[in-house]
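Read the structure below first, then the notes.
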Amino acid sequence: MIDEYSYQFNPTRVFFYSFFLLYIGFLVLPVLVLPLYISVFRSNRERERETAVYPITLHFYRLIYVYYSVFILEFVVFQAVLRHYPASFKPYTMENFSISYAIFLLAILLMFNLAYTHQALLSLLALQRFLLYFFPDLESRINFGMKNTTRLIYGIHSLCLLPFLLFSILTRIAFWFGRADLYGPSVTTNFLNTQITVIIFLPIAVSRGVVSFTTDSKNDAKTDFDTSFMSFQLDFLSTPLLIEIPYLFCNRRNVEEMRKRLSFKYLWSKIWNRNNQVGGIDNSDNQIFIVQSTHS
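Heads up, the sequence shown is in the working numbering, so the first residue is 35 and it goes up one at a time.
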């Protein structure tokens, strides 16, 4: 006989806790791996400067700093927005619009741009490495140089930014004039992303097919909005980890550098050398003082 108070399987609860664990993992793990990634990248910078993939890996290295700057900015401004606005805050009305909220929207827009630009660049880097490993004769053709690769990177940033910027502007204008439903633009964005995914990934196209853009009720629209937003959160939070881990394990040299920096001997030598440098500076000052006192 099953007790009425026995545990019952709840898919919604399992999904919530799974998402929460992923959220915490993607939030904490990149911070723990970040010092190791920076140390290995700096040690390999001179050796990798002439390689074909260096411009993209350098951009990823700089992207890490931009990512955490935007993340801190978004968190600080979000706290300011919560304190400034009352509980009955309506985000898409002109009377509640302020500089702090504009900065908050800009930070979210940059988060979108960083997340999806990173995915595009990571795919480009994977394709470039594949061609270098299996077709080394093509290195001269796929090595665009620092200047051309930088232009390509900024072009991808622009292509990833313009659709979201256009949707954001049109959405706010429609809300201000009362011509848009709350979840309409988000469903439209989700629909376009689904169509692009179906076009690019054929297995998804075979298993799921092309999704038709029909929303029968606001509940369905809200579900699409929540799912799309949660997917974006995971995309954004996983961005630094997907930069750090592939770089640390991309070749044997990086793995050896990582293992060396994780060893107790290396950490102890760094601490010991730092103490010796501090002690050496103090001793040299004392010696200079002694020499000056003897001559005087």
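From the three backbone atoms N, C-alpha and C, an ideal C-beta is built for every residue, glycine too.
Scanning the stretch 37-115 for uninterrupted alpha helix (DSSP H) segments of 4 residues or longer gives 45-82, listed from N- to C-terminal end.
Sequence-distant partners of His191 (beyond 5 residues in either direction) whose C-beta falls short of 7 Å from its own C-beta, in its chain, are Asn147, Thr151. Ala86 sits away from Ile203, with the two beta carbons spaced by 9 Å or more. Pro45 has its alpha-carbon roughly 45 Å from the corresponding atom of Pro89. Per the C-alpha coordinates, the member of Leu70, Lys181, Phe109 positioned closest to Arg293 is Leu70. Cβ-Cβ separation between Ile277 and Leu161: approximately 17 Å, too far for a contact (criterion under 8 Å). Around the beta carbon of Pro170, fewer than 16 other beta carbons lie within 10 angstroms, which makes this residue exposed.
For Pro274, the uninterrupted alpha helix (DSSP H) run begins and ends at 273-282, by DSSP.
For Met180, the number of other beta carbons within 10 angstroms of its own is below 16, and it is reported as exposed. Ser297 carries a coil assignment under DSSP once its states are collapsed to helix, strand and coil.
For Asn147, the three-state secondary structure derived from DSSP is helix. Counting every other CB atom within 10 Å of its CB across the protein chains shown gives Glu84 a total below 16, marking it as exposed. When the beta-carbon positions are compared, Phe138 and Phe112 come within less than 9 Å of each other. By the Cβ neighbour-count rule, Ala141 is buried, with 16 or more other Cβ atoms within 10 Å of its own. DSSP places Asn177 in the coil class of the three-state scheme, outside both helix and strand.
Of the other Cβ atoms in all chains shown, 16 or more fall within 10 Å of the Cβ of Ile187; this residue is therefore buried. Relative to Phe105, the option among Ser303, Val65, Glu80, Leu166 whose CA is nearest is Val65. The C-alpha of Leu116 lies about 24 Å from the C-alpha of Asp269. Here Asn285 carries a coil assignment [DSSP, helix/strand/coil]. Inclusion of Val74 and Glu291 in the CB contact set at 9 Å is warranted, their separation being smaller than that value.
Cβ contact annotation for Val67 (same chain, cutoff 6 Å, sequence separation greater than five): Glu278, in chain order. In the three-state DSSP reduction, Phe169 falls in the coil class, being neither helix nor strand. The residue from Ser297, Arg287, Ser303, Trp302 with its alpha-carbon nearest to that of Ser77 is Arg287. Taking each of Tyr300, Leu159, Thr273, Leu196 in turn and checking the Cα distance to Thr183, the smallest one comes out for Leu159. With respect to the 9 Å criterion, Thr273 and Tyr101 are classified as neighbours on the basis of their beta carbons.
For the options Ala136, Leu143, Ser174, the alpha carbon positioned closest to that of Leu196 is the one of Leu143. Leu156 has its alpha-carbon roughly 18 Å from the corresponding atom of Phe60.
As the crow flies, the alpha-carbon of Ser103 is around 30 Å from that of Phe49. In this structure, the beta-carbon distance from Leu301 to Tyr57 does not fall below 9 Å.
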